[in-house]
(Lines of atoms letter the chains of each structure in order from A and count residues from 1; the text may use other names and numbers.)
(Lines give C-alpha, C1' and ligand atoms only; values in the text may rest on other atoms or scores of the structure.)
Protein backbone atom coordinates (compact mmCIF):
# COMPACT_ATOMS: atom_id res chain seq x y z
CA UNK A 1 0.00 0.00 0.00
CA UNK A 2 1.32 3.44 -0.82
CA UNK A 3 0.57 6.66 0.92
CA UNK A 4 -0.35 9.87 -0.82
CA UNK A 5 1.11 13.23 0.09
CA UNK A 6 -1.92 15.01 -1.36
CA UNK A 7 -4.16 16.67 1.21
CA UNK A 8 -7.90 16.35 1.21
CA UNK A 9 -10.35 19.20 1.48
CA UNK A 10 -9.35 21.87 3.99
CA UNK A 11 -11.60 22.07 7.05
CA UNK A 12 -12.06 24.75 9.66
CA UNK A 13 -10.95 24.38 13.27
CA UNK A 14 -14.61 24.22 14.34
CA UNK A 15 -15.04 21.16 12.07
CA UNK A 16 -12.04 19.49 13.72
CA UNK A 17 -13.49 20.16 17.18
CA UNK A 18 -16.61 18.19 16.22
CA UNK A 19 -14.57 14.96 16.03
CA UNK A 20 -14.52 13.32 19.48
CA UNK A 21 -11.04 11.79 19.50
CA UNK A 22 -10.67 10.39 23.02
CA UNK A 23 -8.17 8.28 24.94
CA UNK A 24 -9.30 4.91 26.24
CA UNK A 25 -7.66 1.81 27.69
CA UNK A 26 -8.12 -1.63 26.16
CA UNK A 27 -9.48 -3.88 28.90
CA UNK A 28 -10.27 -6.92 26.75
CA UNK A 29 -9.23 -8.19 23.32
CA UNK A 30 -10.62 -11.32 21.69
CA UNK A 31 -10.23 -12.83 18.24
CA UNK A 32 -13.25 -11.83 16.13
CA UNK A 33 -13.92 -15.30 14.70
CA UNK A 34 -16.88 -14.20 12.57
CA UNK A 35 -15.05 -11.32 10.86
CA UNK A 36 -14.44 -11.54 7.10
CA UNK A 37 -10.89 -10.23 7.54
CA UNK A 38 -8.74 -11.03 10.59
CA UNK A 39 -9.74 -8.73 13.45
CA UNK A 40 -10.13 -8.44 17.19
CA UNK A 41 -13.10 -7.34 19.25
CA UNK A 42 -11.78 -4.75 21.69
CA UNK A 43 -13.45 -3.52 24.87
CA UNK A 44 -12.14 -0.01 25.51
CA UNK A 45 -12.65 1.88 28.78
CA UNK A 46 -13.04 5.65 28.33
CA UNK A 47 -13.52 6.39 32.03
CA UNK A 48 -16.59 6.85 34.22
CA UNK A 49 -18.20 9.63 32.16
CA UNK A 50 -17.97 7.79 28.80
CA UNK A 51 -17.85 4.13 29.86
CA UNK A 52 -16.90 0.97 28.01
CA UNK A 53 -17.23 0.74 24.23
CA UNK A 54 -16.69 -2.13 21.78
CA UNK A 55 -14.71 -1.88 18.58
CA UNK A 56 -13.67 -4.21 15.80
CA UNK A 57 -10.02 -3.64 14.89
CA UNK A 58 -8.04 -5.16 12.01
CA UNK A 59 -4.74 -5.05 13.88
CA UNK A 60 -3.91 -8.76 13.98
CA UNK A 61 -0.73 -8.48 11.91
CA UNK A 62 1.14 -6.40 14.49
CA UNK A 63 -0.55 -7.25 17.82
CA UNK A 64 -1.59 -10.29 19.86
CA UNK A 65 -4.69 -9.99 22.08
CA UNK A 66 -2.77 -10.42 25.34
CA UNK A 67 -0.34 -7.58 24.57
CA UNK A 68 -3.20 -5.16 23.88
CA UNK A 69 -4.67 -5.36 27.38
CA UNK A 70 -3.82 -2.23 29.35
CA UNK A 71 -2.71 -0.15 26.36
CA UNK A 72 -4.08 3.32 25.86
CA UNK A 73 -5.48 4.07 22.39
CA UNK A 74 -7.08 6.99 20.56
CA UNK A 75 -10.59 6.43 19.24
CA UNK A 76 -13.39 8.37 17.59
CA UNK A 77 -16.46 8.23 19.81
CA UNK A 78 -19.03 10.25 17.89
CA UNK A 79 -19.40 8.12 14.76
CA UNK A 80 -22.69 6.22 14.69
CA UNK A 81 -22.37 2.63 15.90
CA UNK A 82 -21.95 0.10 13.11
CA UNK A 83 -23.08 -3.51 12.84
CA UNK A 84 -20.12 -5.71 11.92
CA UNK A 85 -21.25 -9.30 11.64
CA UNK A 86 -22.73 -10.33 15.00
CA UNK A 87 -21.29 -7.38 16.95
CA UNK A 88 -22.05 -3.67 17.11
CA UNK A 89 -18.93 -1.48 16.94
CA UNK A 90 -19.40 1.57 19.18
CA UNK A 91 -16.18 3.48 18.47
CA UNK A 92 -13.39 3.62 15.89
CA UNK A 93 -9.94 2.83 17.27
CA UNK A 94 -7.44 4.78 15.17
CA UNK A 95 -4.20 3.69 13.56
CA UNK A 96 -1.85 4.14 10.64
CA UNK A 97 -0.93 1.76 7.81
CA UNK A 98 2.75 0.95 7.59
CA UNK A 99 4.61 0.24 4.33
CA UNK A 100 3.16 -3.31 4.31
CA UNK A 101 -0.43 -2.18 4.83
CA UNK A 102 -0.49 -3.39 8.45
CA UNK A 103 -2.20 -1.16 11.01
CA UNK A 104 -0.16 0.34 13.86
CA UNK A 105 -2.27 1.84 16.64
CA UNK A 106 -2.41 5.57 17.27
CA UNK A 107 -1.47 5.93 20.95
CA UNK A 108 -0.48 8.73 23.34
CA UNK A 109 3.23 8.62 24.15
CA UNK A 110 2.51 9.22 27.88
CA UNK A 111 -0.30 8.13 30.19
CA UNK A 112 -3.24 10.53 30.18
CA UNK A 113 -6.61 10.35 31.98
CA UNK A 114 -9.18 8.12 30.32
CA UNK A 115 -11.65 10.06 28.21
CA UNK A 116 -9.24 12.93 27.51
CA UNK A 117 -10.11 14.64 24.23
CA UNK A 118 -7.41 15.21 21.61
CA UNK A 119 -7.04 18.92 20.91
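In full-length UniProt numbering, the protein residues as written are 1 to 119.
For each residue, glycine too, the CB sits at the ideal point set by N, CA and C.
What is the rounded straight-line gap between the Cα of residue i and the Cα of residue j?
i           : j           : result
residue 1   : residue 67  : Because residue 1 carries a pLDDT of 45, less than 50, the predicted location of this residue cannot be relied on, and no value is offered for it.
residue 113 : residue 46  : 9 Å
residue 51  : residue 15  : 25 Å
residue 18  : residue 26  : 24 Å
residue 41  : residue 116 : 22 Å
Return the Cβ separation of residue i and residue j in integer angstroms, given the expectation that the two are a contact with Cβ distance under 8 Å.
i           : j          : result
residue 101 : residue 35 : In fact, because the Cβ distance is near 17 Å, the residues do not count as touching under 8 Å.
residue 108 : residue 72 : 6 Å
Ignore the nearest five residues each way along the sequence and tell me which others in residue i's own chain have a CB closer than 6 Å to its CB.
i          : result
residue 78 : 20
residue 95 : 103, 104, 105 and 106
Using DSSP bridges, identify the partner residues of residue i.
i          : result
residue 95 : 105
Item to complete: Tell me the start and end of each unbroken beta strand (DSSP E) in the UniProt domain "TRNA-binding" (15-119) that is at least 3 residues and wholly inside, in chain order.
Response: 21-31, 40-45, 52-57, 72-76, 82-84, 87-89, 95-97 and 103-105
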